[in-house]
Amino acid sequence: LSQADARSPLPAMTPEERLLADYEAIGLTVGPHPMAYCRRRMRAAGVRRATELARLPHGRRVRVAGAVIVRQRPATAKGFVFRSLEDETGIANVIIEPDVFERYRLMLVEESFLLVEGVLQNVDGVISVKAARLEPLAALAAIESHDFH
1 LSQADARSPL PAMTPEERLL ADYEAIGLTV GPHPMAYCRR RMRAAGVRRA
51 TELARLPHGR RVRVAGAVIV RQRPATAKGF VFRSLEDETG IANVIIEPDV
101 FERYRLMLVE ESFLLVEGVL QNVDGVISVK AARLEPLAAL AAIESHDFH
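Residues in the sequence shown are numbered from 1 upward in steps of one, following my numbering.
Structural data, given as structure tokens:
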């Protein structure tokens, strides 16, 4: 091909467009994690990265956000449900009490990206966030979760 033939008549994709194209085509990306694209906005909103949680004290009010990669609703958990949120640094585990689940049921079932505000539980190196309030994040990509009921 000549140099002129090798050029695309289309404008180059933005990193965000490339991310969406990757997820639509193959269900994953080898590029930056979707949360990396909104980290500046998340930091301004007081959202912590998953890897920061281990350095914070038990009982601290925190905000975390990420792609919902695991949904669990064990029959033996007395109505408690669990979510694992993945950001560009790791995974934050979220505990959701039955009343909070009922309040946010539709969001918890349907949204692929969540922002969670709650209380950090840091006991014997086991880190989780007990959710008090949740909000959806604009879908950055169509990420599939692993759902266990």
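Glycine included, every Cβ here is placed at the ideal spot set by N, Cα and C.
Original post:
Straight-line CA distance for residue 18 to residue 12?
Top reply: 9 angstroms
Original post:
Quick one: Cα of residue 1 to Cα of residue 32, how far?
Top reply: Note on residue 1: pLDDT 48, under 50, position unreliable in the model; no value is reported.
Subject >> Among 52, 54, 110, nearest to residue 70 - alpha-carbon criterion >> reply: 110
**OP:** In angstroms with no decimal places, state the Cα-to-Cα distance between residue 117 and residue 134.
**Re:** 6 angstroms
Original post:
Are residue 45 and residue 61 close, meaning C-beta to C-beta below 8 angstroms?
Top reply: no
Subject >> Member of 38, 130, 9, 89 whose CA lies at the smallest distance from the CA of residue 137 >> reply: 38
**OP:** Round the Cβ separation of residue 128 and residue 95 to the nearest angstrom and send it over; I've been treating them as touching at under 8 angstroms.
**Re:** 5 angstroms
Original post:
Taking DSSP as the reference, what is the three-state secondary structure of residue 53?
Top reply: helix
Subject >> Start-end ranges of the alpha helix (DSSP H) lying completely within the segment 69-133, minimum 4 residues >> reply: 98-103, 105-110
**OP:** Could you say which of 50, 103, 121, 41 lies nearest to residue 85 if we only look at CA atoms?
**Re:** 50
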